[in-house]
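There are 2 protein chains.
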Amino acid sequence: MMAGMLFDFELLATEGEARAGIFHTAHGALQTPIYAPVGTQATVKAMTPQHLQDVGATLVLANTYHLYLRPGDTLIAQLGGLHTFMGWSGPMLTDSGGFQVFSLAGQRGQKSLRKIDDDGVTFRSHIDGREHRFTPERVVEIEQNLGADIAMVLDECAPPDDYAYNVRALARTHAWAERCKVAHTRPDQALFGIVQGGIFPDLREQSVRFLTGLDFPGYAIGGLSVGETKTQMHATLECTVPLLPQYKPRYLMGVGTPEDLVEGIARGIDIFDCVLPTRVARNGQALLRAGKFNMRNARFSDDPAPIDETCTCYTCQNFSRAYIRHLIIAKEMLAATLLSIHNLHTMLTIIRECRAAILAGTFAEYRHCFQG
Amino acid sequence: MMAGMLFDFELLATEGEARAGIFHTAHGALQTPIYAPVGTQATVKAMTPQHLQDVGATLVLANTYHLYLRPGDTLIAQLGGLHTFMGWSGPMLTDSGGFQVFSLAGQRGQKSLRKIDDDGVTFRSHIDGREHRFTPERVVEIEQNLGADIAMVLDECAPPDDYAYNVRALARTHAWAERCKVAHTRPDQALFGIVQGGIFPDLREQSVRFLTGLDFPGYAIGGLSVGETKTQMHATLECTVPLLPQYKPRYLMGVGTPEDLVEGIARGIDIFDCVLPTRVARNGQALLRAGKFNMRNARFSDDPAPIDETCTCYTCQNFSRAYIRHLIIAKEMLAATLLSIHNLHTMLTIIRECRAAILAGTFAEYRHCFQG
Chain A
1 MMAGMLFDFE LLATEGEARA GIFHTAHGAL QTPIYAPVGT QATVKAMTPQ HLQDVGATLV
61 LANTYHLYLR PGDTLIAQLG GLHTFMGWSG PMLTDSGGFQ VFSLAGQRGQ KSLRKIDDDG
121 VTFRSHIDGR EHRFTPERVV EIEQNLGADI AMVLDECAPP DDYAYNVRAL ARTHAWAERC
181 KVAHTRPDQA LFGIVQGGIF PDLREQSVRF LTGLDFPGYA IGGLSVGETK TQMHATLECT
241 VPLLPQYKPR YLMGVGTPED LVEGIARGID IFDCVLPTRV ARNGQALLRA GKFNMRNARF
301 SDDPAPIDET CTCYTCQNFS RAYIRHLIIA KEMLAATLLS IHNLHTMLTI IRECRAAILA
361 GTFAEYRHCF QG
Chain B
1001 MMAGMLFDFE LLATEGEARA GIFHTAHGAL QTPIYAPVGT QATVKAMTPQ HLQDVGATLV
1061 LANTYHLYLR PGDTLIAQLG GLHTFMGWSG PMLTDSGGFQ VFSLAGQRGQ KSLRKIDDDG
1121 VTFRSHIDGR EHRFTPERVV EIEQNLGADI AMVLDECAPP DDYAYNVRAL ARTHAWAERC
1181 KVAHTRPDQA LFGIVQGGIF PDLREQSVRF LTGLDFPGYA IGGLSVGETK TQMHATLECT
1241 VPLLPQYKPR YLMGVGTPED LVEGIARGID IFDCVLPTRV ARNGQALLRA GKFNMRNARF
1301 SDDPAPIDET CTCYTCQNFS RAYIRHLIIA KEMLAATLLS IHNLHTMLTI IRECRAAILA
1361 GTFAEYRHCF QG
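Protein sequence lines, in the order shown, are assigned to chains A and B.
Reminder that position 107 of the first sequence reads as 107 in the working numbering, one-by-one numbering, no gaps.
Reminder that position 263 of the second sequence reads as 1263 in the working numbering, one-by-one numbering, no gaps.
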């Protein structure tokens, strides 16, 4: 059995701020840094769980907002929880649903689909328009029903560069974090706090101090990758992450590109998630270590080479660029599957390379080469 | 290496008309009776080649009409042929495209999209409306470019119950079969003749006599499963199949349901293909040994059982009816993949069971149980 206790974070090596570690969950030990594919509706789109395993995924994220609305968290609990429901036996993570709910505002340019108050947030389903309400206690209840290994507190996402808004939102985020912590009872699930505060160092520091006082088993950096510049994101990480406890995992939510992974790791991040690799796959895009290919492009129509000559994924080992392009043009579902396999494999390979480099003490060099 | 020479058909056992055999192709030996999944556009929809292998597929069909139009047979030849193009290293079969071209008539209720004469058929692409022409020689050229292990002659498909039409069509079908045979030069590809004649025993007999005179390495029964009754289909098989040479494989094109397989085998058929299992999968239907489930049905919403308790496929081993239904309702691509896996696995299991029963001398009993 594992040496580590549940939710222990073992730090194996550091190089500058970069860390290689192990986070122990009820469904296995996660080797960090780690990238989690996103399975919004209890499926990583166009992939089977076998495909996820084959590309080296270990942690999978699912969206509380979507699963609460359909098929419902109580149904999933009744069916044995999210792992059993979607056939994924490894570690899982659920967000709080807050980000999706706050994103509902103004989506239609007409009446807002959500209304926030100090107690929680009322919103209308994007599926049928019916009204629902999330409070910190309700979200914890839903996430406990879903039963992921890592759950997130409900927080308020503010525009990153509006100071006054962030001050108000932070007060709510902190009160909600405390209420989530009190409501949370599931011993096999780690509830992570979420540091907010936009691009403002004083607010980020205030947020870290408040949340670490609540002693969560892990901390996320929220409110980034939502419109701020890369420079602002990096500066925010640089002033926030070093304040976090060393022996707890740090999770940068919703980030990002291959380069974002390397730069986030360089600033002390352990966990990432992002829909990008699978979303762009469904648009016919193949991720490369630097940049990407639009596989719909006519120049690939007779190209016998794989997407990436150096890639060891199922797609690159078996299919040509010409075939992938044919599938896209012919509107075949297999295009999304093969590109999702390649894109996730690319992300997961890069993050494994980062970990190996940190363990070998060569991460600075790796990062330098990556920046090309 | 294989004992059999290329295109040898070894008859291992018979029980009544039912046969168990081995057909030797350039990409391996096919254990007959066999069912071929349909990969219209060089992909069995929603499946990877790995999935096909996992469900036990050995022969895969692709459609000449579709691949000729897009991406084009010369491009596929240039990329190493159909096997390399789609990543399938086992035996493959291409139809002649005739059935698709003849199906273009009247699809729009306006001007016919195809015009037939004694030399060939002129038609308009369903993709862009451009005019194309198939002759027996052109179809053979295209199929040789595609490079499947089994290719089919160009034939004319007539309404099964119109005697006068069938007489005229048969003359063309025979002349075209002869021209295909002359045009065909690829030594690693078996060109099969197609017996036509609708539901009329005299025409079927005439067709068998003509085509066997040309000595093809295998024979298909065409023009069935196109509107005639099951009784008519069975009667036609009963008067046609016994006239065919014993040591050549017999292929019933476009058939069918699990029951159709068993009943076809009982009448001496060795090879089947049908889009049904994958097409109904994309409509949310799960095939059972008898009948099927509409997995969209609300009664499955909280059902923790697999589609079929006795099934050993990836889908039934890992996922509940409730999950499959959720995927369908949530419009997730994985629904089509998981149902295609189950449906193909079901078809291929049934046909393997038929083969084992013939080898054991228990096929009559198996067939009786199957009819329930």
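Think of the CB as a built atom: it goes at the ideal place given N, C-alpha and C, for glycine as much as any other residue.
Predicted model, so just to flag it, every value in this text is computed and none were measured.
- The C-alpha of A62 of chain A lies about 44 angstroms from the C-alpha of Q1031 of chain B.
- Residue contact with chain A for K1230 of chain B: absent (no Cβ-Cβ distance below 8 angstroms to any residue of chain A).
- F1319 of chain B reaches chain A at G87, counting residues in chain order whose Cβ is nearer than 7 angstroms.
- Counting only Cβ-Cβ distances below 9 angstroms, E309 of chain A has no contacts in chain B at all, with the closest Cβ about 16 angstroms away.
- Residues of chain B with a Cβ closer than 7 angstroms to the Cβ of D128 of chain A do not exist; the shortest Cβ-Cβ separation is about 12 angstroms.
- The alpha-carbon separation between P1201 of chain B and A1183 of chain B amounts to approximately 30 angstroms.
- Among the residues of chain A, those whose CB is under 7 angstroms from the CB of K1045 of chain B are E332 and M333, following chain order.
- A distance of 8 angstroms or more separates the beta carbons of D1149 of chain B and H1066 of chain B.
- For G193 of chain A, the secondary structure class from DSSP, reduced to helix, strand or coil, is strand.
- Within chain A, the residues placing a beta-carbon under 8 angstroms from that of S1301 of chain B are P71 and L75, ordered along the chain.
- The contact set of H1132 of chain B on chain A, defined by CB atoms closer than 8 angstroms, is empty, because the minimum CB distance reaches about 17 angstroms.
- Between I307 of chain A and A335 of chain A, the CB-CB gap reaches or exceeds 8 angstroms.
- The straight-line gap separating the alpha-carbon atoms of S125 of chain A and A1298 of chain B is approximately 20 angstroms.
- For V275 of chain A, there is no enclosing alpha helix (DSSP H), as DSSP gives it neither H nor E.
- The beta carbon of P1091 of chain B sits no closer than 8 angstroms to any beta carbon of chain A.
- Listed in chain order, the non-local C-beta contacts of M347 of chain A below 6 angstroms within the same chain comprise Y35 and P277, local neighbours out to five positions each way being set aside.
- For L79 of chain A, the neighbours in chain B by C-beta distance under 8 angstroms run, in chain order, D1302, P1304, S1320, A1322 and Y1323.
- If you check the CB distance, E10 of chain A and P242 of chain A do not come in under 8 angstroms.
- Per DSSP, the continuous beta strand (DSSP E) segment holding L1030 of chain B begins and ends at G1028 to T1032.
- Not one beta carbon of chain B lies nearer than 8 angstroms to the beta carbon of T64 of chain A.
- With three or more CB-CB distances shorter than 8 angstroms, the segment 1136-1153 of chain B counts as touching the segment 1186-1198 of chain B.
- With a beta-carbon spacing of about 6 angstroms, G361 of chain A and E15 of chain A fall inside the 8 angstroms limit used to define contacts.
- For the set A:Q100, A:G81, A:T25 and A:Q78, the Cα lying nearest the Cα of T58 of chain A is the one of A:T25.
- Taking C-beta separations shorter than 7 angstroms and ignoring five residues to either side along the sequence, the partners of E238 of chain A in its chain run R267, following chain order.
- Sixteen is the threshold: when 16 or more other Cβ atoms of the shown chains lie within 10 Å of the Cβ of A46 of chain A, as they do, the residue is buried.
- Residue-level contact check: H345 of chain A does not touch chain B, since none of the beta carbons of chain B fall below 8 angstroms from its beta carbon.
- Around the Cβ of T231 of chain A, a 10 Å sphere holds fewer than 16 other Cβ atoms; the residue is exposed.
- Contacts with chain B at 8 angstroms (Cβ-Cβ) do not include L146 of chain A.
- Taking a Cβ-Cβ threshold of 8 angstroms, the residues of chain B close to Q50 of chain A are Y1314, in chain order.
- Taking a Cβ-Cβ threshold of 9 angstroms, none of the residues of chain B is close to A36 of chain A; the smallest such distance is about 18 angstroms.
- By the C-beta density criterion, A164 of chain A is exposed, having fewer than 16 other C-beta atoms within 10 angstroms.
- For the beta strand (DSSP E) assignment, the uninterrupted runs of no fewer than 3 residues enclosed by the segment 259-332 of chain A are, from N- to C-terminal side, 271-273, 285-287 and 292-294.
- For T1025 of chain B, the three-state secondary structure derived from DSSP is strand.
- Taking 8 angstroms as the cut-off, the Cβ atoms of G198 of chain A and D155 of chain A do not count as close.
- About 7 angstroms separates the beta carbon of Q206 of chain A from that of L170 of chain A, a gap short enough to meet the 8 angstroms contact definition.
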